[in-house]
Amino acid sequence: MESIYIILLFLLHLICFINTTNDLIQDLLDIEDQKCYAVALDAGSSGTRANIYNIDCFKQYYVPNLDYRSSEVQKQKEFPRLAQFQTKVNLLKVDLFMPIFNYLNSIIESPKTRKRTPIMLGATAGMRLLTPNQQQYIINESITILSQSEYYFPNDPKEQKKWCQIITGPQEGAYLWLNMNYLLGNLNMENLNKQNTVTTIDIGGASSQVAFVPIENRVEKNNQNMDMDIILEKMDYKKLRSYTFLGFGVNQARYNIIKSVISNSENINLVQNKKNNEKINVYFPCANNGQKIKLPENHQIYAVSNASDSAKFLKFKREFKMQDYYEKLEYLYQMNWQQVNLQFWGDKNLYEKVFNAAYVYTLLQEVYNLKYDQIVNVPDRVDTIYPGWDLSYLMIRIGNKNSQHDKNYHIQDPYEN
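Here the sequence shown stands for residues -20 to -1, 1 to 397, where the numbers follow mature numbering (1 follows the signal peptide of the UniProt record, and there is no 0).
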C-alpha cells in the first residue's frame, strides 16, 4: 500500500484547508449576510452523487461555517455513473454533466452566486477498475466541461487535476475517516489525545475501505509504510491506517459470484431446472487470501454505504450487534423465495438486497474480523449530513486565506507528492 502523508491543523475546532485562489476567497470575503454554496460530485461505482453544501460565506478570513444541524446544509441527487462513459466520452456533457448543471442551477439560481461556488469531482472504485487510457480520457473531458461551466473551477492545469481526479482507495478511506470523526466532534486536541476517534468502514459498490488510528507501531510491508501521518498543531503526530480492497464492493462481488456460477455447466443445468432443489456451492475468497484486518479493540465502529443500507433492509435503525444481524440473516435465508417476496412485498431490487445483506455480514466478519458481540453504528445521517468521504475532499480544496499568507496556518494538501 502506498505511503501517504497527511498534515492537518485545527482552527477553532474546524479543519483548516488550502488550495484555492485569491479571487475566489476575496469574493467570499466580500459577501455579508448571504449564503454561499460548494458542490462535490462523488463519482462512485453505482452513480454520480451531486452534493450541494449550504455554508456561511467566509468572514474574518476563516473557513466557512458548516451548520450541519440545519436541514438545508446538504442537498443531493444521484446521476448516471461516470465510468459508464468509457466508450462514449463524447456524450459526457449531454448525458451526465448537463443534467447535473440543471439540477445545480435549480437550487443555485443567481449567476453571480454560481460564479463563486466551487465545484469539484472525485471518482472512486468504479473508475479505478477502468484502464489508464479510459480513465485519462474521461477525466480530461470532465476537466474541460467543468472549466467551461458557470461554476468556480480553477484555471491552473495543475490545480484542475486536484479538483477533478480519481482518488485512491486509501485516500477514500482516509477522507471518510476525517469526515465521520469531524461530524462526530472527535477532531479536537482533547479527544485525539484520549484516542476517542472511531474506526470507519465503507462497503461500496466496487471496493471496501477501513480506516482507523492504530494503537501499535506502523506496519512495514515491502519497505512501504502502511500508515499515514497526521500532524496536529501543538502536539505530536498521530497515525492513520487506511486499507482498501478493490473488487470487494457488493456489486463487484455479486458479479464475480454470478460469473463463477455460469462458468460451470453443471450449475447452469441446476439453475435452469426450477424444480431442482439442489444447492449450488460457489467459492469466493472474501477473506483476501485468508488475511484479516486487525482493528483496534474498544474502538467504536461506524459503517456506511451498503453496510447501512443492508442494516436498514433488515430493519435495524442506527446500530446493530453482529449477533443480532446474523440471527436476522439466518431467519431470512431459511425462507424460500416466495416467502421472501411476501415478507418484503413491493421492495425494489430484492434480489440484490438479499445478496448484499449476506455479503456485508461475511465481509465484516471475514475481512474486518468483527466479533459476535461487536456493535456496528450505521447512521444514515450524522445530524443532517450523509457521512460520505466527499465533505473532507471538498473542504480541503476550498481552503482559507490565512493559509496563503501566514505560514503558521499553512497545511500541506493530503496525498500531494
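All C-beta atoms in this analysis are idealised placements derived from N, C-alpha and C, irrespective of residue type, glycine included.
Legend entry - Sequence-distant residues of the same chain with beta carbon closer than 6 Å to N176, five excluded per side: N166
Legend entry - Own chain, CB closer than 6 Å to E58, minus 5 neighbours either side, in chain order: For E58, where only same-chain residues beyond five positions count, the Cβ hits under 6 Å are G27, R29.
Legend entry - Ranges of the beta strand (DSSP E) found wholly within the segment 88 to 170, counting only runs of at least 3: As far as the segment 88 to 170 is concerned, its whole beta strand (DSSP E) runs of at least 3 residues are 99 to 103, 144 to 146.
Inset, instruction - Confirm the yes/no value for this check: CB of W143, any heavy atom of the ligand SAH, distance under 8 Å. - result: This structure simply doesn't include the ligand SAH, nor any ligand for that matter.
Inset, instruction - Assign D327 to one of two classes, buried (16 or more other C-beta atoms within 10 Å of its C-beta) or exposed (fewer than that). - result: exposed
Legend entry - Three-way DSSP call (helix, strand, coil) for T342 in this model: helix
Inset, instruction - Output the distance between the C-alpha atoms of T342 and F77, rounded to the nearest integer angstrom. - result: In a straight line, the C-alpha of T342 is about 37 Å away from that of F77.
Inset, instruction - Closer than 8 Å by C-beta to I273: which residues in its own chain qualify, once you throw out the five before and the five after it? Chain order, please. - result: V190, Y223, V347, Y348, N349.
Legend entry - Straight-line Cα distance separating Y339 from L84: Answer to the nearest angstrom: the Cα atoms are 35 Å apart.
Inset, instruction - Tell me whether the beta-carbon of L322 lies closer than 9 Å to the beta-carbon of L309. - result: Going by C-beta atoms, L322 is not nearer than 9 Å to L309.
Legend entry - N357: first and last residue of the uninterrupted beta strand (DSSP E) it sits in: 355 to 357
Legend entry - Alpha-carbon to alpha-carbon, N159 and M100: 17 Å
Legend entry - A233 beta carbon less than 9 Å from that of S290: no
Inset, instruction - Would you identify the three-state DSSP class for L294, choosing helix, strand or coil? - result: coil
Inset, instruction - Give the single residue among A103, K219, I242, T180 whose Cα lies nearest to the Cα of A186. - result: A103
Legend entry - CA-to-CA distance, N316 to D216, given in whole angstroms: Note that D216 scores 43 on pLDDT, short of 50, meaning its location in the model is unreliable and no value can be drawn from it.
Inset, instruction - State the DSSP-derived secondary structure class of V190, mapped to helix, strand or coil. - result: strand
Legend entry - DSSP beta-bridge partners of K242: According to the sequence provided, residue 242 is Ile. The question's Lys does not apply to it. In the DSSP output, where bridge partners are listed per residue, I242 has none listed.
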